[in-house]
Structures are given as C-alpha cells and as structure tokens.
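Here the structure is laid out as structure tokens; the discussion comes afterwards.
Protein chains in written order, with the numbering used here: chain U, 12 to 402; chain C, 12 to 402.
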C-alpha cells in the first residue's frame, strides 16, 4: 500500500425531499448570497430550482440565477459565471443538475478569486489557492462530482480541448442527494451514468500496486452493486431503491475512498475525452466503447487482475489452470452488460470514424511526452490500437 | 434504504512517518496551544510523543502534556484534563495512543467549553453544542475513534458505569495513521483490535432494513479483509501491509460509511460493556465472547442474513435447501477464527462468573425501558440467555 492522504469533508444530505434542506446547509456553511447554476429547462420545469431557491430564501439567503450549462460544460459559460459572480458579489455557488452544472459551478468557484484566466488551471498546470464554497443539488448519478475534487471543462474556443482539473478547494461543502429526482431520467442517460461510475472504480482498480486487498474488495463490492441495481434502474426508472443505490454508489465510486494507497490508471478517461470532445457523444457512452477495448489491449499485462475481476464481479468460475479464459470471459460479460443496458460498444454506434483514429490518438492528453496511464503505460501507437479494437 | 446524512470531514494522513506531519496538520486546523493526551509509558519510551511534540514546536505551536489514560478510559482523568486545559487555555487536544487516549481527549474537548458536568453527555442525555478541535495520532487499530464521532468513558465513581457518547463536534479534525507504530503491539492486543473492528461492521450489518446491497457488500469486503490481514498481523507483528490494511480497515469500519441508510443493532456492544466494566477485560476480548452467543441466539430471526454472511465472508457453499446449516457453519467458522487469533470465546476464559449473570444483565444499558437493540430487540431475559450461551 502506498502512503496517502484522504480528505472527504463534504456533508451529504441523502433521501426523500433532501433538496428542502439546501437553505439550512448553505446557512451552516456561511452563505449570504448564492449563485444557483444549472443547465437547460428540466430543473425549471420540474420545479426543483424553485424549491431550492425557496429553501434558501427561507433562511434569508439571497440568490442569483445562471442557467444554460450544456452537457460537456464549456469554458464560455464559466467565464460568464465568473463575471456575474464577481459583479453580484456572491459568496457561494450551488450547482443544481447533473455533473455538468456542478462541474461548471466548481470552475466558476475557483475562477472568481483568481486574478488570471481560470483556463490556466485546466491547461497550464496552474494550482488553485482558493475558491468560493461550492454546494450541489444532484439530479444525475454519474460523474461523482458531488463528492469529488475534480471537474472536466471543454474549451470550444481553444481547439475544443477537453481538460480535467481537481483541487480540494473545489470539493463541495455539501451535496444534496434525493434519489426521486432521478425518476424522470431516460434509460439511456441512466445507463451513461452507470458506465461512468463503473469506470471511476475501474480506473482505480487497474493498478500495479500490491497489497491493496481492502480497496480491491470494496471496489468489487461497489461495481457489483452498480451492475445489479443499474439493470433495475434502466428498466424501472422510478424504482427508488435502485436509484438510491446508484446515487450513493456513484459518490463512493469517486470520492477516492477506493483509490487510496494505490497507483491509478485513468488512461481510458483520457482516451474517451476525445470521443466526446470531437463527436459530442455522452461521456458514459464513450467509456462503454473504450473500456472493453482497453481491457482487451492490456489483457496480457493484467491477466491476474482481470481474472480476479471476472471471478469476483461477474461470478466466472475460478480456473487457475486457465486464467486467460477466466479473464476473457469477464470482459465478455462486462461487454454483454453494457449492451444489455443499451450502451454502444463500437465506434460505429458512436458515429466515430476509422479514418479519424490517427487524429484522435494525437489529441489525447498524455501524462508524459511519451506515455499515457500507469497500469500499462501506453504510447500513441497503443492508443491507436485501442481505438482500432473498438471499431 | 433509509434517509440519512453522512459527514466524515476528518483529514487522514496515512503512511510511513506520518506522525511527522502532526505539526503541519495542527497548524492547518488553527492550533496555537495543544494538549498532548496519552496513556502509559509506551509512547514516551518509543519516542513517539517527543517526535509529535517536536513537529508541533517546529510549527511554533505550544504544548502541554497530560498522560495517564488507562484502558477503558476513566472519568477522573477527563475531569483532570478539563481543569488543566482550561487553566492552560489550550485550543486543541491531540490524543496520542490507542482508542483510550483519543476517547479521553474527545471527552475533554467536549467538556472544556461546557458549563456543567461533562458526564451529563454520557449519562444524562445532554447534547453538546461545542468542543475544542481534536487531533489523533493512533497507535492501535481497533476502536475506529480516529474517524468516528463516538467515545466510551467509564465512571468508576458512578457505579463503574461505562457509557458511550457521540457528537459530530468530537470527530477528529485530523488523524495521523502510521502502520509502523503498531509493529510493537503484542498478538493479544492486535487480536482484540481485530475483533472490535469486525464488531463495528457487524453491528451495522445486522439490520432489518431491506435494499441495502451496497453497504452489505462493502461490509462483507471489509470484514473479509480484516480477517485475512488480521491472521497475518497476529503472526507477523511487523508485517507492514497487514498492519496497514487493519489500520485503514478499522477506520472504514467505524466512520459510518457502512452504516448509512440502514437500521443498526449495537446490542452486543452494550452487552459487552458490562463485561469490561466489571471484570476489566479488553473490549475486544469481551466482544469475542458475546458476538457468537448473540448470533446463536438471534439465528432464527436472522437466518437469511447469517446465511449470506457465511457464504460471502466465510465462503460457506450456498445451499438454499438448508440455509440454517449455512448460517450455522458461518458462525462456527467465525468462532474458529476468533480462537485461531487467540481470543477467548467463553465466560470462563474471561474470568466471568455464571452467578453474576443476573447482575450483569440488569446493568446493561437498554435503548428503551424494555428492549435492547434493533435487529431482534432483546429483553433482560434474552440478555441473560445470551450470557448463558457464552458460558
């Protein structure tokens, strides 16, 4: 096990009508004037935004609204939020919606007290030294942003670059999680969220660090539950228990409890980012295409790990005389699960094109000049090969 | 799943030489003058207390020492700490040692700003409204106090009452966890810690709440790891990886991540408290005697749950034609594990006496006038029966 620090100070309010507690939570964390940041019409139509705003007003907290965040949230909206937040002198920002609204809120929060361009954090290696406190009212279990220190922003004006940035200043001080808010989510979006959560665990699970039994087993527990409950939620959108398991599972998958003390990979996320940046596909759908291809490509390197995954998560019978067959069967069952919940697993289904592969591989952000990821460090040629396996 | 809130804001510094970070952490959380609170000679002899103190002095933080905490920490020391802390005007208290030192530190922290008698919190239902910030440098993986909001104090002057109290004000702001500090722990104390950790998970696992797959599976993952790594640590006290797994596992077992959204039992803890209060045995050793007896007594009520436990934790083959046999075999294997790591499983081994049973049962603190626990609510007669099963 590697040395680590772990700090997950977010206060979680979980359950029915949890959003009515937003005002009390904002007050507890010192807010006097809050920006409510959200996406399109859904949180207005459902009445959620009004309920959240009312609970803030009930506590004597002023509010400013800024909507219009799009999926794969964009830098232009972040700039708009920074300007508005400074002008209105807000002291907290609450994202109301899915991961996009919350990620955009986090980027605004870190941008407001910063003298330079917030994009420095995402693309220039600048480290944040402060941020406004961020709150979260989540309507989509997927990105784990409700408990994580990380975000992803796309800068259309800067060559459509899609970049991640994380800082403990950006971790929400509170997150409001009501499973009922997800009853209206269509199966496709639900499934995209499921894949994203599983991927957050897998990026940590694919590790070369020895002696990590605790996080291995907890990771397997979380993936198995997300698969079981995900199957239900896709078929029965208003199944409270399935929605609740996914909502809490998505948080646990990404607040780094499952990643402490171990090397992590994260190359599949970097590879996928180019698919959603270029073709505008949902992140989860892109991951459904990339992950099985990545697993097949790294099978030889990770044979024992994939066999363990197959046995413990997908109940493939242990066969120590033939670990490769066990591992391959696990990947096959994982792919079958993705298909079952309606996810694409090929380039064609995404609308991605074979001839774009060299361009896509070139765009992927690497950890060093020559390599991507830490499980089996990949070259540009390897990334191309993974894209080809996804054809 | 039940509605819940979850807040685990402790900053964890985990790994080799982690104690050298104590000063930086205390500074980060605002300390200017710290009380170092500890037990007997071991933290002095090992040099740990000096190293911790030096790291505080290096950050310009003043220190006051108060040692002498005993296992099953006592109210008299808490009173002493409150008086000293007020006199010295400390603004943080750091427990250095095992669960006893940290629990005592937490009780002092909550007692200092309180006008009345701190024992009101433990025995009179009073709720705390403030506490000094608490830090923790842990030398024994067991009680989970490093990440929990709870404590147990024994009041020798008040009929040897052993009482628990929890408040979010008492949760450590930081905890320093270095597995190496546990290399000198003898097998018996290590084993007591192992039982305590497993019990913390089991008290939550024994629940009637339906639809808790996520916490069920994570709990099974944690218990299984503690068993596997516990076997190693008892045999090889300086096995870093086994110590590390236990140290982090003990935190996860008790910061309530595994208890959210579900009813919890906690009757075995209440029953055990009387054994350690009356006979002065280690809490873990008492739990090793109580838990199998409790399981046997509640077998009928919890047949499916015990069968699941047997299958998933102890690899008993699933046999749906005979779940009772599966459940019983699980309890048998659990007991065999306790014996293997050197724990007592009978009254006699503890030095407890059959003729004391009515007195012990009468002393146990009940949730209501008539019942104890929430899994299978117990009467006084039931508690007596459980003690008899432990003979």
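The C-beta atom is built at its ideal place from N, Cα and C for all residues, glycine as well. Fair warning: this is a prediction, and the values are worked out from it, not measured in the lab.
Does the structure place the segment 141 to 148 of chain U close enough to the segment 114 to 129 of chain U that three or more beta carbon pairs sit under 8 Å?
Short answer: they touch.
Quick one: is residue 322 of chain C near chain U, going by C-beta distance under 8 Å?
Residue 322 of chain C does not count as touching chain U.
If you count every other CB in all the chains shown that lies within 10 Å of the CB of residue 197 of chain U, and 16 or more means buried, which is it?
Result: exposed.
Compare the Cα-Cα distances from residue 121 of chain C to each of C:96, C:292 and C:107 and report the closest residue.
It is C:96 whose Cα lies nearest to the Cα of residue 121 of chain C.
Beta strand (DSSP E) containing residue 12 of chain C: first to last residue?
Neither: residue 12 of chain C is in no beta strand (DSSP E) and is coded neither H nor E.
Can you check whether the C-beta of residue 87 of chain U is within less than 8 Å of a C-beta belonging to chain C?
By this cut-off, residue 87 of chain U is not an interface position.
Should the segment 249 to 262 of chain U be called in touch with the segment 222 to 232 of chain C, which here means at least 3 C-beta pairs below 8 Å?
A contact exists between the segment 249 to 262 of chain U and the segment 222 to 232 of chain C.
I'd like to know whether the C-beta of residue 217 of chain U is nearer than 8 Å to at least one C-beta of chain C.
No - not a single Cβ of chain C is within 8 Å of the one on residue 217 of chain U.
Check residue 344 of chain C in the structure and name its three-state DSSP category.
Of the three classes helix, strand and coil, the one that applies to residue 344 of chain C here is helix, per DSSP.
Determine the DSSP secondary structure at residue 374 of chain U, reduced to helix, strand or coil.
Helix at residue 374 of chain U.
Determine whether the beta carbon atoms of residue 111 of chain U and residue 92 of chain U lie at a separation below 8 Å.
It is not a contact, given that the beta carbons lie outside the stated cut-off.
What does DSSP give as the partner residues of residue 308 of chain C in its beta bridges?
None, per the DSSP bridge assignment.
Measuring CA to CA, which of C:20, C:390 and C:301 is closest to residue 214 of chain C?
When each option's Cα is compared against that of residue 214 of chain C, the closest is C:301.
Nearest by alpha-carbon distance to residue 261 of chain C: which of C:220, C:287, C:211 and C:249 is it?
The candidate whose alpha carbon is nearest that of residue 261 of chain C is C:211.
My guess is that residue 25 of chain U and residue 14 of chain C are in contact by the Cβ rule of under 8 Å, so how many angstroms apart are they, rounded?
Right, their Cβ atoms sit about 6 Å apart.
Give me the subset of the segment 117 to 140 of chain U whose CB atoms are less than 9 Å from a CB atom of chain C, sorted by chain position.
Hits within the stretch: zero.
Does the beta carbon of residue 246 of chain C sit closer than 8 Å to a beta carbon anywhere in chain U?
No, residue 246 of chain C does not count as interfacial toward chain U.
Might you give, ordered along the chain, the residues of its own chain that have their beta carbon closer than 8 Å to the beta carbon of residue 353 of chain C, omitting 5 neighbours on each side?
Closer than 8 Å at the Cβ level, and outside the excluded window around residue 353 of chain C, lie 198, 199, 202 and 245.
Could you check where the beta strand (DSSP E) with residue 176 of chain C kicks off and where it finishes?
Residues 172 to 177.
Identify which residue in U:78, U:71 and U:35 has its Cα closest to the Cα of residue 56 of chain U.
When each option's Cα is compared against that of residue 56 of chain U, the closest is U:78.
Locate the alpha helix (DSSP H) running through residue 73 of chain C, then write down its first and last residues.
Looking at the DSSP string, residue 73 of chain C is not in any alpha helix (DSSP H); the run it does join, the beta strand (DSSP E), is 73 to 77.
Can you name, in chain order, every residue of its own chain whose Cβ lies under 8 Å from the Cβ of residue 66 of chain U, other than the five neighbours on each side?
Answer for residue 66 of chain U: 30, 31, 32, 33, 34 and 35, listed in chain order.
Which residues bound the alpha helix (DSSP H) around residue 229 of chain U?
Note, residue 229 of chain U: alpha helix (DSSP H), 224 to 246.
Using a Cβ-Cβ cutoff of less than 8 Å, which residues in the same chain neighbour residue 341 of chain U once the five nearest sequence positions on both sides are dropped?
If we look at residue 341 of chain U and ignore the five residues flanking it on each side, its Cβ neighbours are 317, 318, 320, 321, 322, 324, 325 and 327.
With 16 other CB atoms within 10 Å as the buried threshold, where does residue 2 of chain U fall?
Residue 2 of chain U lies beyond the range of chain U shown here (12 to 402); nothing can be said about it.
Measure how close the beta-carbons of residue 297 of chain U and residue 283 of chain U come, nearest whole angstrom, since I'm counting them as under 8 Å.
4 Å between Cβ atoms; contact.
Using CA atoms only, rank isn't needed, just tell me which of U:109, U:12 and U:160 is closest to residue 50 of chain U.
Checked all of U:109, U:12 and U:160; the closest Cα to residue 50 of chain U is U:109.
Could you pull out every residue in the same chain whose Cβ sits closer than 7 Å to the Cβ of residue 356 of chain C, ignoring the five residues on either side in sequence?
Same-chain partners within the cutoff: 299, 300, 303, 346, 349 and 350.
Based on the DSSP secondary-structure assignment, which residues constitute the bridge partners of residue 164 of chain U?
Answer by DSSP bridge pairing, in chain order: U:174.
Tell me, please, whether the CB atom of residue 183 of chain U is closer than 8 Å to any CB atom in chain C?
Residue 183 of chain U does not count as touching chain C.
When you check each C-beta in the segment 19 to 40 of chain C against every C-beta of chain U, which residues fall closer than 7 Å?
Listed by position, the residues of the segment 19 to 40 of chain C near chain U (Cβ gap below 7 Å) are 19, 20, 22, 23, 24, 25, 26 and 27.
Can you name the residues that DSSP bridges to residue 25 of chain U?
U:188 and C:15.
Over what stretch of residues does the alpha helix (DSSP H) that includes residue 117 of chain U continue unbroken?
Where residue 117 of chain U is concerned, the enclosing alpha helix (DSSP H) stretches over 110 to 122.
How about residue 162 of chain C: is its C-beta nearer than 8 Å to some C-beta of chain U?
No, because no Cβ of chain U sits closer than 8 Å to the Cβ of residue 162 of chain C.
Between residue 23 of chain U and residue 16 of chain C, what straight-line distance do the alpha-carbon atoms span, to the nearest angstrom?
Distance between the alpha carbons of residue 23 of chain U and residue 16 of chain C: 5 Å.
Whole angstroms are fine: how far does the CA of residue 402 of chain C sit from the CA of residue 164 of chain C?
Residue 164 of chain C and residue 402 of chain C: Cα-Cα distance of roughly 27 Å.
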